[in-house]
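In our numbering, the protein residues as written are 100 to 451.
Given below as structure tokens:
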């Protein structure tokens, strides 16, 4: 285990590479309370969200969840969200950059249905535990866990505090997310850290989380997903799009693309062939001197021993193994990169 202080949190002298290695065997903890959490209630809540998103919300059973895109009339992505259904509400979550477009859109159409739309972001916390021992940690706190399955969820208590537990894996490893009242956040965090000390709990900062989610191919709204995208470009069709659910806002465009069989560009993984990467986001990808894509997120991966990235590549050049050039404006020689299918988890985690 890596060095930790008395609470099991990483010590000040621990190198990022050591943290990365530790997270392959030890649980990780990150505060994601900066994300957006919206509670949709009312008798029409399922119909309302069904009519505005790409997935089948009407069939979403209590205790289950799924991903979805919120689309405009033109079929562009106004939001990339998760939805989890409880008895009397549906909890919608998205990335911090997603609120500006999403909330006005929901409220605009909410006047036509019997729904309530409450932004709970400032009143709630969101913690994520990642790793194969994360479930053991929560069980040691007396928490009841939901059944296995992505975005399955349930209610439990930690140190007397009511929390919602959601199964999800944004880092590519098994994970559990806790959502609860902001007033209870210090107490819940203290309990997790105290019980996690014996398991070598690793505190994950935003930079480390970004590395893990890029390896896992987890897109973020505002970077991989913007209002300029079409849903199928993100490559989450099996998770986030129902092609049989019937009409919703933007459905005509989504269905037309499905009938055509492809989009013009796709979100892919990119691995640099040299230890040097590019310094700027939005670096241009080229092949035979022609621009065919751009980088959306980049990071150095200790697991790969070189920089990696997420980016959009024109479909004709998006086959795994294709070699491209990548260059930021004003930099010298372009860097060679290879296209990867997502996720692009390192092959030999034990040797990192």
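Backbone N, C-alpha and C fix where the C-beta goes; we use that ideal spot for every residue, glycine too.
Rounded to whole angstroms, residue 239 and residue 230 show a C-alpha spacing of 15 Å. Judged by DSSP secondary structure, residue 284 falls within the alpha helix (DSSP H) whose first and last residues are 284 to 295. For residue 302, DSSP records a beta bridge to 128.
With respect to the 8 Å criterion, residue 208 and residue 131 are not classified as neighbours on the basis of their beta carbons. Ranking 347, 393, 311, 253 by CA distance to the CA of residue 115 puts 311 first. With respect to the 8 Å criterion, residue 134 and residue 193 are classified as neighbours on the basis of their beta carbons.
Under DSSP, residue 425 forms a beta bridge with 384, 434. If you draw a 10 Å sphere on the C-beta of residue 126, you find 16 or more other C-beta atoms in it, and that means buried. With a contact defined as Cβ atoms closer than 8 Å, residue 316 and residue 392 miss out at about 16 Å. With contacts defined by Cβ atoms closer than 8 Å, residue 334 and residue 366 form a contacting pair. Inter-residue distance for residue 122 and residue 314 is about 13 Å (C-alpha atoms, whole angstroms). Residue environment for residue 411: buried (at least 16 other C-beta atoms within 10 angstroms of its C-beta). No residue range can be given for residue 340, since it is assigned to no beta strand (DSSP E) and is classified by DSSP as neither H nor E. The continuous alpha helix (DSSP H) containing residue 356 extends over residues 350 to 359. DSSP, reduced to helix, strand and coil, places residue 134 outside both helices and strands of the structure shown, so it counts as coil. Beta-bridge partners assigned by DSSP to residue 167: 180. Under the three-state reduction of DSSP, residue 219 is assigned to coil, being neither helix nor strand.
In terms of Cβ geometry, residue 217 and residue 138 form a close pair [threshold 8 Å].
Taking C-beta separations shorter than 6 Å and ignoring five residues to either side along the sequence, the partners of residue 385 in its chain run 424, following chain order. Residue 144: not part of any beta strand (DSSP E); member of the alpha helix (DSSP H) spanning 144 to 149, first to last residue.
Straight-line spacing of the CA atoms in residue 247 and residue 285 works out to 28 Å.
The residue among 353, 260, 228, 252 with its C-alpha nearest the C-alpha of residue 241 is 260. Taken through DSSP and simplified to helix, strand or coil, residue 159 comes out as coil.
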